[in-house]
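Residue numbers (UniProt numbering), protein chains in the order written: chain A, 1 to 279; chain B, 1 to 332. Note that the Cβ used here is the ideal one computed from N, Cα and C, for glycine as well.
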């Protein structure tokens, strides 16, 4: 920041607010993590204490590893999230490119129609979706979840990406056309790299709700072999007894992959390659 | 042979009629400049020639073939954009060779052409750099190089110098003129800057509201403008327009006098008080209020001490004036 415009008081206040927010946001994660390494008694006696020699225990993780097909759940969650994100980004970007680049009859109407999904929650249609999945025989397949999540993510993706694609230089696309690039090459090689920050935003927005969702896995794919991680963790929560060690361990493990994915996408948020393209 | 021929070309965007009955011929090796105020349709005309916009009616002929339905890449053209439009993810060498790779030229041929272009434009030290690592002038040279390597039948320049600062603009202008002499290619150049038009063109096409106002060599247009618009548009400072009644002419007519043909001092037909004086070193521009709405500009060569507020007599040679009727057409 410019020294002449910098007020030390403002800097302290800003950092104070940000640190406070970070603490509040990380506190639940921290509590889950420390308690996942404690004995059941220690969890209830002193929930906020760090695990010491006395209270340290890996029992939760052991239960998780032994009980059920935890790695399968993991794999299912990962497949559903990654494939859904891929389709959301691919189809969202393609629709956004068409809407922002080509003049055709009903362009605006089509844009509004595609954006409508932002305002109507997809869960309203759960019964109809279930009915549809039963008729097409997709119940208890990962495909069912992927299709639903793709549909759920597309409206926002199209909305955000078409805004960004309008800002991509017209001249650059025309230069590509004159140089003999096909519309697909222009889309994949010129436009997509330039809207990468927007793509990363869309990916992050969509990734976490999909990973954490319990509703659709419970309704559309509750079978043992298609359970996702969130659904799988529910086996430890009983009506009368809850195995807190196992629940906390499972949740701690579930945090890791989203965090890795988030780091990958947030790196893309850094611009740099875009500067110097035009002007 | 003609490089480009436009016949009765029209272009509309919905109800807006942008280009109206354009007829134009560009000869082989000619440097043609489209000039006109913003919104006159000159860039649209260039984009129609390039194939980036479809013509609503009329015929576009590049070389021997009609190209109305030919995609831009197959028209034998190359274009340089105002915003450079370099591919940000490719380095200078790859930027220049991309189109040739798309045409499936042999590798040796691509390398030879890129080397030739980079030598011509002094880009050799930068071949491995990305566009982001280049200055504005270097980027524009790469954009020109990208056009040169294609060896097109027709070069199209869309205000290539508008984003450069004054000194660089002058240098690049010289470079483009040099390039035209070396390549002997046909070039179309769009600009709103009349200096660029005058200095570069073999032939200037003046456009207004989607119509061609006049076509001719720079000196031809300067000395014999067909109407008041062309007369005012070319020349800097622009021509003074005085109602003919002030000079003993008939009502409604106007007289145009170029600032450089007026002298101060002798008893003349016009007189007025000095509003402002611009000292440019080489010449001096004196802006005089002669009692009309528009101020009257006098361009004097050399340095003169004239105070604002002084009363001056304006003399000029009657033979070097232009008469226009009420509609703006030239009378004599």
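Distance from residue 137 of chain B to residue 172 of chain B at the Cβ level is roughly 6 Å; contact confirmed, criterion being Cβ atoms closer than 8 Å. In this structure residue 144 of chain B is in contact with residue 80 of chain B, their Cβ atoms being roughly 6 Å apart against a cut-off of 8 Å.
Relative to residue 242 of chain A, the option among A:192, A:26, A:44 whose CA is nearest is A:44. Note that the C-beta distance between residue 150 of chain A and residue 77 of chain A is not below 8 Å.
By the rule that beta-carbons nearer than 8 Å mark a contact, residue 178 of chain A touches chain B.
The Cβ-Cβ distance between residue 38 of chain B and residue 158 of chain B does not fall below 8 Å.
Remark: C-beta atoms of residue 75 of chain B and residue 51 of chain B approach each other more closely than 8 Å. Contact annotation for residue 103 of chain B against chain A: 180 [CB-CB distance below 7 Å, chain order]. For residue 72 of chain B, the nearest CB of chain A lies under 8 Å from its own CB, placing it at the interface with that chain. Neighbours of residue 87 of chain B in chain A, taken as residues whose beta carbon is under 7 Å from its own, are 190 in chain order. Of all residues in the region 157-175 of chain A, those with a C-beta nearer than 7 Å to a C-beta of chain B are 169, 171, 172, 174, 175, reading in chain order.
Judged by beta-carbon spacing, residue 161 of chain A lies within the 8 Å limit of residue 195 of chain A, meaning their Cβ atoms are closer than that value.
Using a Cβ-Cβ cut-off of 9 Å, residue 193 of chain A is close to 88, 89 of chain B, given in chain order.
Scanning the region 70-108 of chain B for uninterrupted beta strand (DSSP E) segments of 3 residues or longer gives 77-80, listed from N- to C-terminal end. Residue 279 of chain B sits away from residue 315 of chain B, with the two beta carbons spaced by 8 Å or more. A distance of 8 Å or more separates the beta carbons of residue 213 of chain B and residue 325 of chain B. In the DSSP assignment, residue 31 of chain B is bridged to B:187. Here residue 178 of chain B is not bridged, per DSSP, to any residue.
Per DSSP, residue 137 of chain A lies in no beta strand (DSSP E) segment and is marked neither H nor E.
When the Cα atoms are used, residue 47 of chain A and residue 41 of chain A turn out to be separated by approximately 10 Å. Per DSSP, residue 159 of chain B lies in no alpha helix (DSSP H) segment and is marked neither H nor E. Residue burial annotation: residue 307 of chain B is exposed, with fewer than 16 other C-beta atoms found within 10 angstroms of its C-beta.
In this structure residue 240 of chain B is buried. Its beta-carbon is surrounded by 16 or more other beta-carbon atoms within 10 angstroms. Around residue 168 of chain B, the same chain offers 137 as residues with beta carbons nearer than 6 Å, after the five sequence neighbours per side are excluded. DSSP lists no bridge partner for residue 275 of chain B.
Collapsing the DSSP output to three states places residue 12 of chain B in a strand. DSSP places residue 243 of chain B outside any alpha helix (DSSP H); the residue lies instead in the beta strand (DSSP E), whose first and last residues are 240-243. Judged by DSSP in its simplified three-state form, residue 60 of chain B adopts strand. Annotation for residue 15 of chain A: the continuous alpha helix (DSSP H) segment containing it runs 8-36.
If you look at residue 206 of chain B, you'll find it isn't in any alpha helix (DSSP H); it sits in the beta strand (DSSP E) that goes 203-208.
Annotated three-state conformation of residue 314 of chain B is strand, per DSSP. By the Cβ rule, the region 220-233 of chain A counts as touching the region 62-77 of chain A, because three or more pairs are nearer than 8 Å. Boundaries of the alpha helix (DSSP H) harbouring residue 174 of chain A: 170-178, taken from the DSSP string.
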